[in-house]
Amino acid sequence: MQQSCRLQQLPICFILLARVSWLAMARPQLLLALLCLAASLSAQAAAGSGGWKMVGVYELKMGDFSVKVTNWGARLMSVVLPDSKGNLADVVLGKDTIAEYVNDTSYFGPITGRVAQRISRGRFVLDGKVYHLYRNDGRNTLHGGGRGFHKVIWTVKEYVAGGDSPHITFYYRSFDGEQGFPGNLDAYVTYRVSSPYTLGVHMSATALDKATPVNLLLHTYWNLGGHGSGDVLGHTLRLFASRHAVLDEELLPSSGRVAPVAGTPLDFRAPTPIGARIRQVMGGKVVGYDANYIIDGEPEGMRPVAQVRDGASGRAVELWANQATVQIYTGNWLNNTKGKDGKVYNQYAGFTLETMGYVDAVNHPEFPSQTLLPGQEYKHDMVFKFSF
Numbered sequence: 348m349q350q351s352c353r354l355q356q357l358p359i360c361f362i363l364l365a366r367v368s369w370l371a372m373a374r375p376q377l378l379l380a381l382l383c384l385a386a387s388l389s390a391q392a393a394a395g396s397g398g399w400k401m402v403g404v405y406e407l408k409m410g411d412f413s414v415k416v417t418n419w420g421a422r423l424m425s426v427v428l429p430d431s432k433g434n435l436a437d438v439v440l441g442k443d444t445i446a447e448y449v450n451d452t453s454y455f456g457p458i459t460g461r462v463a464q465r466i467s468r469g470r471f472v473l474d475g476k477v478y479h480l481y482r483n484d485g486r487n488t489l490h491g492g493g494r495g496f497h498k499v500i501w502t503v504k505e506y507v508a509g510g511d512s513p514h515i516t517f518y519y520r521s522f523d524g525e526q527g528f529p530g531n532l533d534a535y536v537t538y539r540v541s542s543p544y545t546l547g548v549h550m551s552a553t554a555l556d557k558a559t560p561v562n563l564l565l566h567t568y569w570n571l572g573g574h575g576s577g578d579v580l581g582h583t584l585r586l587f588a589s590r591h592a593v594l595d596e597e598l599l600p601s602s603g604r605v606a607p608v609a610g611t612p613l614d615f616r617a618p619t620p621i622g623a624r625i626r627q628v629m630g631g632k633v634v635g636y637d638a639n640y641i642i643d644g645e646p647e648g649m650r651p652v653a654q655v656r657d658g659a660s661g662r663a664v665e666l667w668a669n670q671a672t673v674q675i676y677t678g679n680w681l682n683n684t685k686g687k688d689g690k691v692y693n694q695y696a697g698f699t700l701e702t703m704g705y706v707d708a709v710n711h712p713e714f715p716s717q718t719l720l721p722g723q724e725y726k727h728d729m730v731f732k733f734s735f
């Protein structure tokens with residue numbers, strides 16, 4: 348583990364710092380320094396009251412397959428594996444340091460929530476009460492709000508770096524009223540590496556005292572040729588999805604319609620280069636994919652979601668999951684974005700495979716519910732199977 352700083356478990360102090368983080372909007376290092384300073388100033392109190400949260404980078408390793416994560420946003424930072432010639436490369440886009448992730452607006456690799464993707468107008472009605480959320484995407488709430496799960500420090504509950512089953516489990520207690528959401532919520536994320544070249548991501552959450560919507564996702568950008576190696580338009584994509592949610596210009600399912608992909612540029616039922624029809628698609632207000640697909644099969648069972656292959660490197664990934672939908676995004680808004688290792692990411696430098704429940708389900712009674720009652724548990728499992 349590479350430790351970045353130590354932060355005492357003082358939620359009130361952290362919340363206050365987060366709320367004045369605008370002071371460091373242009374200087375992410377300043378915000379991290381403030382967090383570390385708060386820990387230092389509180390060290391004496393911490394000695395007698397409950398220990399530390401560690402803000403750090405943690406590696407899971409099995410042979411020449413390695414994964415790095417951080418508890419800043421329960422974030423996937425890197426996945427290194429060989430290509431068909433045995434050359435190693437990191438296939439995840441991201442940043443070099445935690446400090447650079449603090450004010451990241453591209454969502455490089457975090458778990459997002461309490462409700463991922465968009466909630467229309469930043470509001471919903473539950474049990475007759477109107478809830479108003481923090482709106483951070485124009486009129487709407489995106490990925491849980493300005494301080495969603497991607498912007499908090501998760502507690503490391505268990506960490507096994509090597510052996511037969513390297514894994515790490517992060518935990519976060521989301522408080523009642525956080526970003527406008529009702530009720531206290533316990534959330535867990537486990538990253539697990541297994542042979543051969545398999546990464547499991549297991550998310551769960553339990554509503555403790557109030558009904559609340561929950562919809563978590565992993566927002567990782569992939570480039571199987573290696574991050575910073577160019578665009579992914581030549582990657583071939585197959586989706587096990589024959590329908591898609593019809594999204595409007597704000598990327599919301601305003602009509603509530605689900606339509607067949609057949610005969611449209613969204614059809615990836617057969618392996619097709621990502622770039623083959625990309626110029627025919629608008630991901631909101633920009634050219635590229637930002638589309639939500641309904642995964643074929645039983646919604647709660649593990650089933651194939653996608654297969655992606657990069658012909659140049661020979662690397663491929665197969666994704667299985669137990670969620671109802673998957674959002675495909677092709678990095679449409681990346682533009683001279685500073686990445687890891689001195690690399691610069693431009694448009695289409697990576698793609699995401701974001702499995703989740705239906706977008707804005709809390710405002711669409713025709714969609715399967717994403718609301719947990721007190722005591723109910725949410726479970727979201729993903730398995731990435733890499734080959735070369």
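If you're matching positions, the sequence shown starts at 348 in the working numbering and goes up one per residue.
Note that the Cβ used here is the ideal one computed from N, Cα and C, for glycine as well.
Bear in mind that the values here come from a model prediction, so they are computed numbers and not experimental data.
What three-state label does DSSP hand residue i in the structure shown?
i, result
"K732", "strand"
"F496", "helix"
"V628", "coil"
"G722", "coil"
"W399", "Because W399 carries a pLDDT of 49, less than 50, the predicted location of this residue cannot be relied on, and no value is offered for it."
"N639", "strand"
"D688", "helix"
"V709", "helix"
"S387", "Unreliable positioning characterises S387 in this predicted model, as indicated by a pLDDT of 35, which lies under 50. The coordinate reading is nonetheless provided below. Three-state DSSP puts S387 in a helix."
"S467", "helix"
"E647", "coil"
"E525", "helix"
"L597", "For the sequence presented, residue 597 should be read as Glu rather than Leu. If DSSP states are grouped into helix, strand and coil, E597 belongs with coil."
"N669", "coil"
"D578", "coil"
"V608", "coil"
"N487", "strand"
"L613", "coil"
"Q717", "coil"
"F517", "strand"
"P375", "Low local confidence applies: a pLDDT of 45 at P375 is under 50, so the model's placement there is unreliable, with the coordinate-based value given in what follows. Helix, per DSSP."
"H566", "coil"
"I458", "strand"
"L407", "strand"
"A653", "strand"
"T452", "coil"
Please list the terminal residues of the continuous alpha helix (DSSP H) segment that includes residue i.
i, result
"E447", "I445 to Y448"
Where does the unbroken beta strand (DSSP E) through residue i begin, and where does it stop?
i, result
"V414", "F412 to T417"
"L435", "L435 to D437"
"D533", "L532 to S541"
"T699", "F698 to M703"
"E505", "T502 to V507"
"V427", "R422 to P429"
"R662", "Neither: R662 is in no beta strand (DSSP E) and is coded neither H nor E."
"T677", "First-last for T677: undefined, no H or E at that position."
"K476", "K476 to H479"
"A592", "R590 to A592"
"L555", "Unbroken run through L555: none, as it is neither H nor E."
"R585", "T583 to L586"
Looking at the C-beta of residue i, does it have a partner C-beta in chain B at a distance below 9 Å?
i, result
"K687", "Although the question refers to chain B, the structure presented lacks it and comprises just one protein chain."
Under a Cβ-count criterion, where at least 16 other Cβ atoms within 10 Å of its own Cβ denotes burial, should residue i be classed as buried or exposed?
i, result
"R422", "buried"
"G491", "buried"
"Q674", "buried"
"A606", "exposed"
"N418", "buried"
"S716", "exposed"
"Q391", "The predicted position of Q391 is uncertain, since its pLDDT is 30 and thus under 50; no value can be drawn from it."
"S542", "exposed"
"G456", "buried"
"P721", "exposed"
"A617", "exposed"
"K415", "buried"
"D451", "buried"
"G410", "exposed"
"R656", "buried"
Assuming residue i and residue j form a contact by the criterion Cβ under 8 Å, report the distance between their Cβ atoms to the nearest whole angstrom.
i, j, result
"W501", "Y518", "6 Å"
"Q670", "T702", "4 Å"
"L546", "F731", "4 Å"
"R662", "D430", "5 Å"
"S551", "Y538", "Not quite, the Cβ-Cβ distance comes to about 13 Å (not below 8 Å), so this is no contact."
"F412", "Y506", "18 Å between Cβ atoms; not a contact."
| message | I'd like to know if the region 579–590 and the region 636–651 are in contact, where contact means that at least 3 CB-CB pairs between them fall below 8 Å. | response | yes
| message | So, does the region 525–541 touch the region 705–713, judging by three or more C-beta pairs under 8 Å? | response | no
| field | Segment contact flag, the region 451–465 with the region 561–568, C-beta cutoff 8 Å, min 3 pairs | value | yes
| Three or more beta-carbon pairs under 8 Å between the region 570–580 and the region 548–559, yes or no? | no
| query | So, do the region 596–616 and the region 688–701 have three or more beta carbon pairs nearer to each other than 8 Å? | reply | no
| message | With three or more C-beta pairs closer than 8 Å as the rule, is the region 647–658 touching the region 607–614? | response | Below 8 Å, too few C-beta pairs join the region 607–614 and the region 647–658 to call them touching: fewer than three.
| query | If we count Cβ pairs, one from each stretch, closer than 8 Å, do we get three or more for the region 433–445 versus the region 472–489? | reply | no
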